[in-house]
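Below is one structure, written out as structure tokens; comments come after it.
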Amino acid sequence: MASTQTIAQHYGRADLGTVILAALNAAGKNIDRLEPDDLAPIDELHS
Numbered sequence: 000m001a002s003t004q005t006i007a008q009h010y011g012r013a014d015l016g017t018v019i020l021a022a023l024n025a026a027g028k029n030i031d032r033l034e035p036d037d038l039a040p041i042d043e044l045h046s
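The opening residue of the sequence shown carries number 0 in numbering that gives the first Met the number 0; numbering runs sequentially from there.
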């Protein structure tokens, strides 16, 4: 069975928030006024 550290190394990304915000900015989204539809493409990252 894989260790927690091995799993975190495989799936983890320390700068994920920065990458998501950059993508939203690049798509022309207003970060201060995000709508649920703006986040729909990344909603499944938690599962």
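Note that CB positions come from ideal geometry on N, CA and C, so glycine has one too.
Residues of its chain near residue 20, where Cβ-Cβ distance is below 7 Å and the 5 sequence neighbours each way are ignored: Indexing the sequence shown from 1 puts residue 20 at position 21. So the list reads 30, once near-sequence residues are dropped.
Own chain, CB closer than 6 Å to residue 22, minus 5 neighbours either side, in chain order: Counting from one through the sequence shown, the residue named residue 22 turns up at place 23. Result list for residue 22: empty, nothing under 6 Å.
Distance, residue 11 Cα to residue 3 Cα: If you number the sequence shown from 1, residue 3 lands on position 4. If you number the sequence shown from 1, residue 11 lands on position 12. Take the alpha-carbon of residue 3 and the one of residue 11: they are about 11 Å apart.
Local conformation of residue 12 per DSSP, three classes: Locating residue 12 in the sequence shown gives position 13, where the first residue counts as 1. Here residue 12 sits in coil by DSSP.
Close Cβ partners of residue 33 (< 8 Å) along its chain, the five nearest in sequence each way excluded: Indexing the sequence shown from 1 puts residue 33 at position 34. 23, listed in sequence order.
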